[in-house]
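Let me begin by presenting the structure, written as structure tokens, before commenting on it.
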Amino acid sequence: MAGENSGSFGSYDKNNDLDDRLERSKTVLTPQELDPEPTTMMGMFKRWPKSTFCIISNEFCERFSFYGMRAVLTLYLINILKYSNEDATLAFHSFIVICYFSPIIGSCLADGMFGKFWTILSLSIIYGCGNVVTAVASVLGHNVHPWMDFLGLFIIGIGTGGIKPCVSSFGADQFAPHHTTMISFFFSVFYFCINAGSTIAVGLTPKLRTIPCMGHDSCYPLAFGLPAVFMLTACLVFAAGSYWYKKVPPKENVIKLTFLAVCKAIFNFFRNWGTKREHWMDHYLDGHKCENDAKCMALAVKGKRVGEKCAQQKFVADIKTLVRVSVVLIPTPFFWALYDQQGSTWIIQAVAMDSQVWKGFDLLPDQMSIFNAILVMALIPIFQSFIYPGFEKCGIRTTAIRRMVIGGFLAAASFGACGILQLKVNQTLPDEPPSDMAFVSVINAFPNCNVSVTAINDTKLVGANSSLIDDKVKNYNNLFQFHVGSGKNVTFDFAYSGDCFGYTKEPFVYTFYGGKTYYVTTTPRGYLGGKSKTAKPQKGQGESSVSLSLLLPCSAIQNTKAGTWDTGCNMATDPSAVSYSGKIAACEFSATNPKCDPRNKPYFVWKEDVVSVNTLTTPSGNVNMTSYAPQDLYIGLYQLFYVHYKHNMGDRTPDKGDIDQQWIPDVVLEIKGQGGVYLMTIEPNPSLASNATKNIFNVHQVVPKNKMSILWQIPQYALISSGEVLFSITGLEFSYGQAAPSMKSVVTAVWLLMVAIGDTIIIILDKSLHIKNLASSKFKCRLNPF
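The sequence shown maps to residues 90 to 875 in this note's numbering.
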């Protein structure tokens, strides 16, 4: 037994062994068997293609660059290029159109010419150059505006759009195709980096633009410069992985082939009018013969009879799936027409709101879109883990179409919320008079004298040191409103009561023109009138705007060193008839040691090159007064100073040693809110009382401060973000699922093209409708998805 067993196990048959090896050699192992996918996190980490870290880092830097620059672009167009809100909106969306049309170019270059690696690298370098051009344009100033700015934006649009369809798929190319779990994990990390880059950029770059630099109280060169640095870094990081990348050579340009096939089908449809086909795309096969087609013959070489398996029929069938998906995507541009206004009109709305969350902390208007990025990242797992399963348990199927419809309604609802909010914001915006009317405020600068004013059978009482104002927040409007046509002289009869320095009853005549808002001021030195500067500040830094009417004559300061700083005072033959017209500064209030320290404390200056010398009508004749253009100031308490620069400072902020300064006593300016527009009148006090102040002043509210907190925008961001999760993410997933495998890249191009079409819709609507009321435009935009 032992020997039998030993023989049966230990014998060796040479012929059987040869047969086994021949049988194994016939077995073809699958890629999964040859290279099994790791199943543990540690295994995936060990097998993870390290070159993808360069791709992920590149995407983080690129998204930071794009969203950082995009966040501040609208305010740059308004404040630096001096575009109106409407023109800035058009320019912004024209830029977005380029960004989302150019992916077609990038896809064609990658698939049909250079391959993904060289397309990404070359367009990234071009992209970085565009960032540099834009940053340099913001430094050089008016000599290169706006052509250099738009050149930079055009280059950025081509670059960012060109690489958009290539980067994620190039990253997936680094994995074995059957490593599906690792590829899925890569996409999760990839899109997390996209959101992380955009979130950090939107939070940071708006803060950078508020830093004073180069003599300005904003620093757009820094806000554009940092994204440029990130984009150049992205180029270097991406190029660093070149040696380790898997570079799949370009095959055929599917987008081009699809476009030509559709054109041929349409041409044959009309050429063979009356010939019926099951689908209009079938006309592509009119006249097709497999023996004349290289792809069909290639199938014959593989063992199929000619005509048994037609390659072009398969291609047409794939295009039909694309057509079906494209029909579903028809409403998509209207969603993007709403969504992309976060970067334009929503920022413009936020500028007219109170950005102070608490003392010392502001949310800037161009930072508000950070809520979109944060909410989307938070809402995706909430919808996937709770909301969708919850409806399914209730027997309600959440199909892709249903999700997209609800997402469209939520996007529309966000603009309904935006419009309602804008109605409240409008209460702090100035009213524009009709073309045949003039609105007129009367300012009483007497400290202890009441004034009764009569004009065109209308009488109003103006208390001491007060004025007639229009304040819809307080439901209070007592401005004079005159029908003046193309121009009319109006006589004001002033009657005084109280301590009025000898004034009893005086007339004043002024010429008004339609479509303008004016002010008429009565002061102890006489009367003055002018057009009110009603434009609210739009820097988006929580500032208010203050104009000055300076009635301080040279005679009041001629015994001080300030009297020698002004050329007008030095040349005046009658110092009492000429007002000071040099620099005036507002500096932080100090009760014990009033001083200006421009580089270390708040410092705002009205310069002599932004003044106009106007006539002041007095009972004894006419003298001049100085009107200073509006200067933006932040919330705070200020004292005013005569200042003189010892040497030419250009645009630089002077050091305290670079200026001569003299305090203007008894004048205090307090800014309590954001977005207000004020006119400050300053003159010497004619009172002879021993306890009288040396100067008197009046602060007239032209336009009220912003009332609505910027936090009221959060509901509309919550709605649009929910709509994005339901519409955008679902729509892209649906499109991918319904399209044939060969049409995936074409679907991506069509999806991105929908964004460009959506922004084109905004441009067309804004150009054709000319809606000046932002609330009305929001309600009209709300109708788009319907």
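Cβ atoms here follow ideal geometry from the backbone N, Cα and C, with glycine treated the same way.
Quick one, which of the options has its alpha-carbon nearest residue i's?
{"i": "Phe-571", "options": "Ser-524, Lys-563, Gly-615", "result": "Ser-524"}
{"i": "Phe-569", "options": "Ser-556, Val-465, Val-562", "result": "Ser-556"}
{"i": "Met-714", "options": "Val-667, Gly-587, Ile-490", "result": "Val-667"}
{"i": "Ser-173", "options": "Ala-462, Lys-628, Phe-134", "result": "Lys-628"}
{"i": "Thr-662", "options": "Cys-643, Gly-330, Ser-670, Asn-578", "result": "Cys-643"}
{"i": "Pro-588", "options": "Leu-640, Ala-534, Val-562", "result": "Sequence inspection shows Asp at residue 588; the Pro mentioned does not correspond to that position. Out of Leu-640, Ala-534, Val-562, Ala-534 has the C-alpha closest to the C-alpha of Asp-588."}
{"i": "Ile-145", "options": "Tyr-717, Phe-274, Ile-344, His-268", "result": "Phe-274"}
{"i": "Thr-270", "options": "Arg-491, Thr-129, Asp-749", "result": "Thr-129"}
{"i": "Val-417", "options": "Phe-206, Ser-817, Gln-438", "result": "Ser-817"}
{"i": "Ile-785", "options": "Asp-755, Phe-134, Leu-162", "result": "Asp-755"}
{"i": "Leu-179", "options": "Ser-586, Tyr-669, Gln-430", "result": "Gln-430"}
{"i": "Ser-586", "options": "Tyr-309, Cys-538, Asn-564", "result": "Cys-538"}
{"i": "Leu-729", "options": "Phe-243, Cys-385, Glu-772, Lys-735", "result": "Glu-772"}
{"i": "Phe-424", "options": "Val-337, Ser-458, Trp-695, Leu-499", "result": "Leu-499"}
{"i": "Asp-547", "options": "Ala-328, Glu-595, Arg-492, Thr-580", "result": "Thr-580"}
{"i": "Asn-284", "options": "Leu-815, Leu-464, Ala-624", "result": "Leu-464"}
{"i": "Ala-354", "options": "Leu-374, Gly-217, Lys-365, Leu-346", "result": "Leu-374"}
{"i": "Glu-380", "options": "Cys-399, Glu-367, Thr-364, Met-370", "result": "Cys-399"}
Determine the contact status of residue i and residue j, defining contact as a CB-CB distance below 9 Å.
{"i": "Ala-426", "j": "Asp-848", "result": "yes"}
{"i": "Leu-722", "j": "Leu-758", "result": "yes"}
{"i": "Gly-250", "j": "Pro-316", "result": "no"}
{"i": "Ser-638", "j": "Phe-583", "result": "no"}
{"i": "Ala-829", "j": "Ala-406", "result": "yes"}
{"i": "Gln-805", "j": "Trp-435", "result": "yes"}
{"i": "Ile-809", "j": "Asn-461", "result": "yes"}
{"i": "Cys-658", "j": "Ile-646", "result": "yes"}
{"i": "Gly-615", "j": "Tyr-608", "result": "no"}
{"i": "Gln-751", "j": "Val-635", "result": "no"}
{"i": "Ser-834", "j": "Ser-196", "result": "yes"}
{"i": "Thr-610", "j": "Ile-532", "result": "yes"}
{"i": "Pro-691", "j": "Asp-744", "result": "no"}
{"i": "Pro-519", "j": "Asp-559", "result": "yes"}
{"i": "Gly-552", "j": "Gly-574", "result": "no"}
{"i": "Pro-310", "j": "Ala-224", "result": "yes"}
{"i": "Gly-248", "j": "Gly-219", "result": "yes"}
{"i": "Ala-513", "j": "Ser-633", "result": "It is worth fixing the name first, because residue 513 is Lys in this sequence and not Ala. Not in contact: Lys-513 and Ser-633 (Cβ atoms no closer than 9 Å)."}
{"i": "Leu-821", "j": "Pro-254", "result": "no"}
{"i": "Val-839", "j": "Ser-415", "result": "yes"}
{"i": "Phe-243", "j": "Ser-257", "result": "no"}
For residue i, which three-state DSSP category applies?
{"i": "Asn-515", "result": "helix"}
{"i": "Glu-813", "result": "helix"}
{"i": "Trp-654", "result": "coil"}
{"i": "Cys-538", "result": "strand"}
{"i": "Gln-402", "result": "helix"}
{"i": "Leu-637", "result": "strand"}
{"i": "Lys-672", "result": "strand"}
{"i": "Gln-64", "result": "Lying outside 90 to 875, the shown extent of the chain, residue 64 is not represented and no answer is given."}
{"i": "Lys-696", "result": "coil"}
{"i": "His-736", "result": "coil"}
{"i": "Lys-577", "result": "strand"}
{"i": "Phe-528", "result": "strand"}
{"i": "Asn-566", "result": "strand"}
{"i": "Phe-264", "result": "coil"}
{"i": "His-368", "result": "coil"}
{"i": "Asp-744", "result": "coil"}
Can you tell me whether residue i is buried or exposed, with buried defined as 16 or more other CB within 10 angstroms of its CB?
{"i": "Tyr-156", "result": "buried"}
{"i": "Gln-473", "result": "exposed"}
{"i": "Glu-341", "result": "exposed"}
{"i": "Gly-260", "result": "buried"}
{"i": "Pro-301", "result": "exposed"}
{"i": "Asp-451", "result": "buried"}
{"i": "Asn-689", "result": "exposed"}
{"i": "Ile-901", "result": "No answer is possible for residue 901: it lies beyond the span of the chain, which begins at 90 and ends at 875."}
{"i": "Trp-236", "result": "exposed"}
{"i": "Met-797", "result": "buried"}
{"i": "Arg-492", "result": "buried"}
{"i": "Leu-111", "result": "Low confidence applies to Leu-111: its pLDDT is 49, below 50, so where it sits in the model is not reliable, and the reading given next is rough at best. The residue in question, Leu-111, is exposed, as its Cβ has fewer than 16 Cβ neighbours within 10 Å."}
{"i": "Ala-91", "result": "No answer about Ala-91 holds up, because its pLDDT of 41 lies below 50 and its placement is not dependable."}
Can you list the beta strand (DSSP E) stretches of 3 or more residues lying completely in the segment 586–622, in chain order? The segment 586–622 contains these whole beta strand (DSSP E) runs: 594–601, 605–612, 615–620.
Which ranges does the beta strand (DSSP E) cover as unbroken runs of at least 3 residues, wholly within the segment 441–504, from first to last along the chain? Runs found: 445–447.
Can you check the segment 171–241 for any beta strand (DSSP E) of at least 3 residues that lies completely inside it and give the ranges in chain order? The segment 171–241 contains no whole beta strand (DSSP E) run of 3 or more residues.
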